[in-house]
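The sequence shown begins at 18 in my numbering and counts up one residue at a time.
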Amino acid sequence: MKILVLGSGAGGGFPQWNCNCRLCAGQRQGELHAPARTQSSIAVSADGESWVLLNASPDIGQQIRNHSQLHPRQGLRDTPIKAVVLMDAQIDHVTGLLGLREGPCIDLYATPCVFEDLTTG
Numbered sequence: 018m019k020i021l022v023l024g025s026g027a028g029g030g031f032p033q034w035n036c037n038c039r040l041c042a043g044q045r046q047g048e049l050h051a052p053a054r055t056q057s058s059i060a061v062s063a064d065g066e067s068w069v070l071l072n073a074s075p076d077i078g079q080q081i082r083n084h085s086q087l088h089p090r091q092g093l094r095d096t097p098i099k100a101v102v103l104m105d106a107q108i109d110h111v112t113g114l115l116g117l118r119e120g121p122c123i124d125l126y127a128t129p130c131v132f133e134d135l136t137t138g
């Protein structure tokens, strides 16, 4: 099994765009030697060809660009991402689905509770 950590930052990533704590400010100013991190998402594959995302962060476009394993391989609009599993209905775990709508159909998996949270007011 292959696992790609696409992002490991909390909602907003790191540094968070609206945070001026010493860590976020230090990273922006180059005083803290820590890499910037996109919001949390993971990709898994059994064969290195077909991938499943665990959550789809708002940073999914950048995350795909940063990992060549997830780049299109065939055709004009293609993706090796075959499915997304939503672990919960948090906004920072589902908004990346909007960006994925531009490609081919991708299977979506969620528990009944997560599906209900996403489809009811």
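All C-beta atoms in this analysis are idealised placements derived from N, C-alpha and C, irrespective of residue type, glycine included.
- Rounded to the nearest whole angstrom, the C-alpha separation of Phe31 and Gly78 is 17 Å.
- Judged by DSSP secondary structure, Ala60 falls within the beta strand (DSSP E) whose first and last residues are Ser58 to Ser62.
- At a Cβ-Cβ threshold of 7 Å, Leu135 and Ala100 do not count as neighbours.
- Within the DSSP secondary-structure output, Trp34 pairs in no beta bridge.
- With a beta-carbon spacing of about 7 Å, Leu21 and Ile59 fall inside the 8 Å limit used to define contacts.
- When the Cα atoms are used, Gly28 and Asp109 turn out to be separated by approximately 6 Å.
- Counting C-beta atoms within 10 angstroms of its own C-beta, Gly92 has fewer than 16 neighbours from the protein chains shown and is therefore classed as exposed.
- Straight-line measurement puts the Cα of Ser25 at about 19 Å from the Cα of Ala42.
- With contacts defined by Cβ atoms closer than 7 Å, Gly113 and Pro75 form a contacting pair.
- Note on Ala73: 16 or more other CB atoms within 10 angstroms of its CB, so buried under the neighbour-count rule.
- Rounded to whole angstroms, the Cβ separation of Thr55 and Leu23 is 7 Å, and the two are in contact under 8 Å.
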